[in-house]
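S.K.: Its first residue numbered 52, the sequence shown is counted upward by one per residue in the numbering used here.
Structure incoming, see below.
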Amino acid sequence: MGSLQHNIEKKVRKLMLCIGIAVGLLIIVSEAKSQEKNIYLYGKVTTINGDKYQGALRWGGDEVYWVDLFNAQKTSSDFLKFLSKKEIQQISDQEGGSSWLGIDLGVLSIWDDKYSRTNHQFDTRFGDIKSIKPTGRSRAQVALKNGVIVEVSGNGFEDVGASVSVYDEELGIVKLDWARIEKVEFLESGIIPKSLFGEAIYGKVKAGRRGTFEGTIQWDQGTSKNTHNERFLEDILNGKDRDGDKNIPFRSITKIVKNRNGVDVTLKSGREFFLTGSNDVNSENSGVLINDKEIGQIVVPWRDFEELEIIESNNQGPSYSEFPSSTGLRGTVINRDGEKISGLIAYDLDEAWEYETLDGQDDRVVYKIPFRNIKNVIPKNYSYSMVILRNGKELLLGESRDVSEDNDGVLIFTSKDAKPTYIRWSQIDEIIFD
52 MGSLQHNIEK KVRKLMLCIG IAVGLLIIVS EAKSQEKNIY LYGKVTTING DKYQGALRWG
112 GDEVYWVDLF NAQKTSSDFL KFLSKKEIQQ ISDQEGGSSW LGIDLGVLSI WDDKYSRTNH
172 QFDTRFGDIK SIKPTGRSRA QVALKNGVIV EVSGNGFEDV GASVSVYDEE LGIVKLDWAR
232 IEKVEFLESG IIPKSLFGEA IYGKVKAGRR GTFEGTIQWD QGTSKNTHNE RFLEDILNGK
292 DRDGDKNIPF RSITKIVKNR NGVDVTLKSG REFFLTGSND VNSENSGVLI NDKEIGQIVV
352 PWRDFEELEI IESNNQGPSY SEFPSSTGLR GTVINRDGEK ISGLIAYDLD EAWEYETLDG
412 QDDRVVYKIP FRNIKNVIPK NYSYSMVILR NGKELLLGES RDVSEDNDGV LIFTSKDAKP
472 TYIRWSQIDE IIFD
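The following block contains the structure:
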């Protein structure tokens with residue numbers, strides 16, 4: 052009897068152990084799933100006839116991620132002119148009165164008209180946008196999450212006037228021409244639509260002295276300056292080896308290393324190939340684009356590219372809800388005399404929000420950095436500035452009006468009622484963002 056009781060207790064303990072292990076595995080899998088984010092564009096498109104399509108989106112034939120940039124040209128610096136006084140007051144109250152929304156921006160437009168020497172570009176990540184409303188063949192109104200509306204033109208840019216594809220749950224992919232679109236509204240989605248337009252290539256890119264960048268990858272720039280070809284694991288790397296043509300899905304690849312006039316490709320299985328003979332794998336490749344969460348968008352030209360390691364990650368980028376509403380660039384400007392002036396900052400008489408980008412190059416490596424990732428800008432000479440990111444990384448950037456003598460300077464609004472202070476770029480010692 053005692054032996055039987057002992058055997059029963061032993062079996063019960065084994066059963067409880069098995070149940071515990073099973074529960075633990077379920078918890079681990081559940082947590083892993085919960086950490087996975089929807090990094091893909093999602094929203095609702097309304098046509099001029101009132102038809103509605105909702106699902107994953109692809110902008111033109113290119114952008115599919117929240118971190119992708121919407122590129123256009125601003126038509127005005129007055130980003131409140133499309134809002135009523137009541138709407139401005141409501142948004143200002145929500146922001147605690149600490150943003151641009153309580154300031155007469157006609158002043159900013161006057162200064163911009165007086166000092167600015169060029170049209171201003173509008174680059175912002177789709178995750179910062181609330182909606183886009185076409186207003187003409189090459190014009191649109193872009194509503195940001197903070198309620199501000201920016202009027203943009205598509206002159207020289209493909210995103211204004213582009214078609215929009217919707218992966219409708221019932222109809223499949225619906226491609227809508229710009230002229231048919233009344234409005235595109237961006238929405239959060241709990242669905243992870245990996246299999247809709249394609250699953251992201253995510254990895255680490257080594258670029259010599261510039262270091263290593265990590266994020267979603269676009270491999271090889273296409274015929275358009277804003278288009279990069281391969282961005283999904285289903286896409287193909289083309290090349291030739293000693294036995295002929297090779298067309299390898301990125302899903303099978305773990306590493307690509309530049310080697311003389313070609314690349315060494317390592318597959319997940321461990322097989323290795325040396326490929327040449329294609330613009331995917333030689334000097335005709337026009338660059339690798341990385342969306343790095345802590346920096347922004349970086350394009351590494353083939354000359355500086357060394358290696359791509361494709362990795363798996365449950366944190367490939369922010370979801371729509373992780374893009375915060377912008378309240379305005381605020382900080383301290385130190386002039387050449389050591390005087391410190393603090394307040395809201397209009398950088399280059401144009402960029403006024405955290406979602407806007409600072410552009411610059413380190414030799415031929417191109418950076419587009421959201422201002423929310425920047426802590427300091429220190430002009431060094433007529434051509435270059437030191438840009439210090441919030442993660443501590445330092446970048447010496449040039450080849451852009453944002454970081455050179457072509458910059459139109461800054462306006463600092465110390466209060467809503469005070470006259471703004473204008474400081475020319477040549478008189479700035481340092482800008483420190485809050």
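Note that the Cβ used here is the ideal one computed from N, Cα and C, for glycine as well.
By DSSP, does Val454 sit in helix, in strand, or in coil?
M.R.: Residue state, collapsed to three classes: helix.
S.K.: Can you tell me the Cα-Cα spacing of Ser377 and Asp296, whole angstroms?
M.R.: So the two alpha carbons sit approximately 50 angstroms from each other.
S.K.: Using a Cβ-Cβ cutoff of less than 7 angstroms, which residues in the same chain neighbour Ala397 once the five nearest sequence positions on both sides are dropped?
M.R.: So the qualifying residues of the chain are Leu159, Ala403, Val461 and Leu462.
S.K.: Alpha carbon to alpha carbon, what distance is there between Gly389 and Asp399?
M.R.: So the alpha carbons of these two residues sit roughly 20 angstroms apart.
S.K.: Less than 8 angstroms between the C-beta atoms of Ile252 and Ile232, yes or no?
M.R.: Contact flag unset, no.
S.K.: Could you please give the first and the last residue of the uninterrupted beta strand (DSSP E) stretch that includes Asn310?
M.R.: Per DSSP, Asn310 belongs to the beta strand (DSSP E) from Ile304 to Asn310.
S.K.: Report buried or exposed for Ala469, applying the criterion of at least 16 other Cβ atoms within 10 angstroms of its Cβ.
M.R.: Under this definition Ala469 is an exposed residue.
S.K.: Can you list, in chain order, the residues of its chain whose CB lies under 7 angstroms from that of Arg475, leaving out five sequence neighbours each side?
M.R.: So the qualifying residues of the chain are Gly460.
S.K.: Grab the span of the beta strand (DSSP E) containing Thr465 for me, first residue to last.
M.R.: No beta strand (DSSP E) contains Thr465, which DSSP labels as neither H nor E.
S.K.: Can you tell me whether DSSP reads Gln478 as helix, strand or coil?
M.R.: Looking at Gln478 - three-state DSSP - the assignment turns out to be helix.
S.K.: Gly106 and Tyr93: beta carbons closer than 8 angstroms?
M.R.: Their beta carbons are under 8 angstroms apart, which means Gly106 touches Tyr93 by this criterion.
S.K.: Roughly how many angstroms separate the alpha carbons of Asp413 and Lys103, rounded to a whole number?
M.R.: Between Asp413 and Lys103, the C-alpha separation is close to 44 angstroms.
S.K.: Going by CA-CA distance only, name the one from Ser329, Leu359 and Val332 that's closest to Ile341.
M.R.: It is Leu359 whose Cα lies nearest to the Cα of Ile341.
S.K.: Do the CB positions of Lys184 and Ala191 come within less than 8 angstroms of each other?
M.R.: Cβ distance < 8 angstroms, so Lys184 and Ala191 count as in contact.
S.K.: What residues in its chain sit with their C-beta under 6 angstroms from that of Lys257, if we drop five residues either side in the sequence?
M.R.: Closer than 6 angstroms at Cβ, skipping near neighbours: Thr263, Glu357 and Glu358.
S.K.: Indicate whether the contact test is met: 3 or more Cβ pairs, each with one atom in the region 315 to 329 and one in the region 342 to 357, closer than 8 angstroms.
M.R.: The region 315 to 329, when compared against the region 342 to 357, does not touch it at the 8 angstroms Cβ threshold.
S.K.: If I'm right that Gly411 touches Asp343 with Cβ under 8 angstroms, what's the distance once you round it to whole angstroms?
M.R.: Contact flag wrong, Cβ pair sits at about 15 angstroms.
S.K.: Which of the three DSSP states, helix, strand or coil, is assigned to Asp296?
M.R.: Of the three classes helix, strand and coil, the one that applies to Asp296 here is strand, per DSSP.
S.K.: Hey, quick one: how far does the beta strand (DSSP E) through Trp110 stretch, first residue to last?
M.R.: Lys103 to Trp110 is the extent of the beta strand (DSSP E) around Trp110.
S.K.: Name the one or two DSSP bridge partners that Asn122 has.
M.R.: Note: Asn122 sits in a beta bridge opposite Asp174.
S.K.: Are Leu326 and Asp292 touching if we call contact CB-CB under 8 angstroms?
M.R.: Yes. Within cutoff.
S.K.: Could you pull out every residue in the same chain whose Cβ sits closer than 6 angstroms to the Cβ of Ala194, ignoring the five residues on either side in sequence?
M.R.: Cβ neighbours of Ala194 beyond the five flanking positions: Lys181, Ser182 and Ile200.
S.K.: Nearest-angstrom Cα distance between Glu499 and Lys95?
M.R.: The chain is shown from 52 up to 485; residue 499 falls before or after that span and cannot be answered.
S.K.: Answer yes or no: do Gly338 and Leu284 have a C-beta to C-beta separation smaller than 8 angstroms?
M.R.: No; because the gap between Cβ atoms is not below 8 angstroms, this pair is not in contact.
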